[in-house]
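The sequence shown begins at 109 in this note's numbering and counts up by one.
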Amino acid sequence: MPTGWFGLWYQHGMNSLLEIADDRIETKGLCVDVLPSHQYYIFLDRLNRCTRCLVFIQRHMNLLQYRESECNDPDDLLNITLCPNLIAPDAALYTLHRKNSTPQLCPIQPPFQLLSLIKDGSVCHQSISSSYLNECANPYKLQLHLSPCSVYQSILDFQFMCVGTWIEDFHTYFVARILSNKPHHNQYACFSFLTKQKSSPSLSLHMATDDSCHDLYSRHISTVITFSAKNHSINDECSFPKQFQSHQWFSIDRTIRMIIKTHNIEFLGTDHRFHCQRMIHSEKSFAIYSIRSFTNCHTKQECLRITRRTDNVLELHTIPLSHERNCDAFHEKNFNFAHTFFTQSMPMSNPCPKSIGYLVYHASMDDHDRRRSLHMSIGCDDKDKLTISKESRDLGEKSIIQIDTCLASWQSDDSLLTHLIVQSSFSNASYCLTFQMTNPVSIQNNSNECSSRQTKASSIYAAHLTNPCSQSSTIVYSFLLSIMTIILYLENII
């Protein structure tokens, strides 16, 4: 058997998966002869003491179809050349779906609104207005929502993941896995449409009765759904900045990889995507957009603000967009999405902030919550490193327990906060330190974003400045720290 077919396959009506191996197919028997040019095979079924012919059609790497002959006496089927005459042209066509198949791009591009629905020969009128075929965050997923044709039927709402497409004659065929938490008698759905309709404003989608796909080639297919393309006032002039598009961006904890394209921002590793609809406002350091936000197959209108903190750091925030609320409300800080992203393809020449230097703070060192006095050096002992050390038992000596790498740093708009993204030396993850320059200094550690907002992912420490990196800067630095403390004190009074 071809090596590309090896593995486990699902077939409609079978209680277990079917395994294809080197010289056998489970339930079919041992392969004893082959006609490779026409994909004919003879299998010896020892259990039933007979032989049968099978002819395979590989539709896609994830899809196999086959027809088979009756199981004959072994002495009656000794020559592989007899197989074409033993398999009837109208013999049942079976479909094998590869287990754990990799997703493929869907051959149609929603969104579509329902125009008509014919099911089991009857035209459905009730469900037209509220039924649709929607796009999802990923281009290999679709959402089909069909309202009931009568009060006795339930709503059908399916999410599909496309796994294979092929073109035959004038038709395009594709198969999608059904993604549903509810038990369903079918694991896949089979579709076809006229290839010329792919670029047409309307689309007639034929849906097979079950995942055997056996009636996909029939003129009397049970379900025919006709759609028209939805108009979402797509604006090709709305685009995200070109200077961000040639880089890979990572979230602070590196769990999300962001790709910025002309009209879309994709968050790899999640079912999330932003589509640009209209630019609202743009300045040198930030831009605001009206977007369609996709989470899996659910869509909502939002406002997006992209803030450029450094050449290699971007902050993304979104808020809901409604008739009562426009994109000027970012000061409220009730964000749906708030993440800081960085890229290492544009490293900063001096990533550690020069304005901090040496600090002393207390933190728990173990599970027994024993707090120890720790010393932090930022860009002093090494201009690109953050060093944490503890005092050893020998007075005056410090032992280094952590040396992490500075990736980027910047000050907030009011200059009262300093943010620093650091690469951990213990893992591939990063973290952000936010320093509030008061007395004592407040240090907030966050693995999601760089801000002063307290979240579940943040922890806060109180620290004392001992010295800046340069002793000559001590007087100036102390003066600036005093001024910042006075400003904060006056703001609290007011």
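By construction, the Cβ of each residue, glycine as well, lies at the ideal position given by its N, Cα and C atoms.
The structure displayed is predicted, hence computed values, not measured ones.
C-alpha gap between residue i and residue j, whole angstroms
i      : j      : result
THR378 : SER430 : 25 Å
LEU422 : GLN519 : 14 Å
SER538 : PHE358 : 10 Å
PRO455 : SER354 : 14 Å
PHE114 : ASP130 : 7 Å
ARG386 : GLN305 : 29 Å
THR448 : ILE367 : 14 Å
LEU528 : SER401 : 29 Å
THR280 : HIS120 : 22 Å
ALA446 : CYS488 : 31 Å
ILE551 : SER533 : 19 Å
SER580 : SER560 : Unreliable placement is indicated for SER580, whose pLDDT of 40 sits below 50; the coordinate value is still reported in the next sentence. The straight-line gap from Cα to Cα measures roughly 30 Å.
ILE388 : LEU116 : 52 Å
THR334 : ILE226 : 9 Å
SER567 : TYR469 : 13 Å
ALA437 : THR317 : 50 Å
TYR325 : THR370 : 40 Å
Distance CB(residue i)-CB(residue j) smaller than 8 Å
i      : j      : result
LEU126 : VAL140 : no
ILE188 : LEU143 : yes
THR332 : SER307 : A small fix is needed here, since residue 332 is Val in this sequence, not Thr. Not closer than 8 Å, so no.
SER255 : SER230 : no
CYS244 : GLN251 : yes
LEU540 : LYS491 : Leu is not the amino acid found at residue 540; the sequence shown has Cys there. Taking 8 Å as the Cβ cut-off, CYS540 and LYS491 do not qualify as a contacting pair.
LYS493 : THR513 : yes
TYR118 : LYS207 : yes
CYS270 : CYS321 : no
TYR296 : HIS205 : yes
Nearest candidate by alpha-carbon position, reference residue i, set the options
i      : options                        : result
HIS606 : HIS322, PHE335, GLN510, SER401 : Lying before the first or after the last residue shown, residue 606 is absent from the chain, which here runs from 109 to 602.
ILE360 : LYS136, THR203, SER535, LYS506 : SER535
PRO576 : ASN556, PRO548, SER463         : SER463
SER393 : ILE529, PHE402, ILE414, GLU410 : ILE414
THR135 : GLN351, LEU143, MET545, ARG160 : ARG160
ARG365 : PHE450, CYS405, ILE329, ASP319 : PHE450
THR574 : ASN553, GLY465, ILE486, GLU557 : GLY465
SER507 : SER485, SER320, VAL283, ALA571 : SER485
ALA570 : THR546, TYR174, SER560, ASN554 : THR546
ALA199 : GLU176, SER288, ASP489         : GLU176
SER224 : ASN404, SER560, TYR240         : TYR240
SER457 : LEU515, GLN351, ASP436, ASN556 : LEU515
THR363 : GLN147, GLU557, THR370         : GLU557
Identity of the residues DSSP links to residue i by a beta bridge
i      : result
PHE394 : THR415
SER312 : THR334
ASP141 : ILE150
MET366 : TRP357, PHE375
LEU250 : GLU243, PHE268
CB contact below 8 Å: residue i versus chain C
i      : result
PHE358 : Among the chains in the structure shown there is no chain C, since it carries only a single protein chain.
Check: residue i C-beta below 7 Å from any heavy atom of the ligand FAD
i      : result
ASP184 : No copy of the ligand FAD appears in this structure; indeed no ligand is present at all.
Ranges of the beta strand (DSSP E) found wholly within the segment 152-229, counting only runs of at least 3: 158-168, 171-176, 202-206, 220-227
Which full runs of the beta strand (DSSP E) of 3+ residues lie inside the segment 252-316, going along the chain? 264-276, 279-287, 296-302, 310-315
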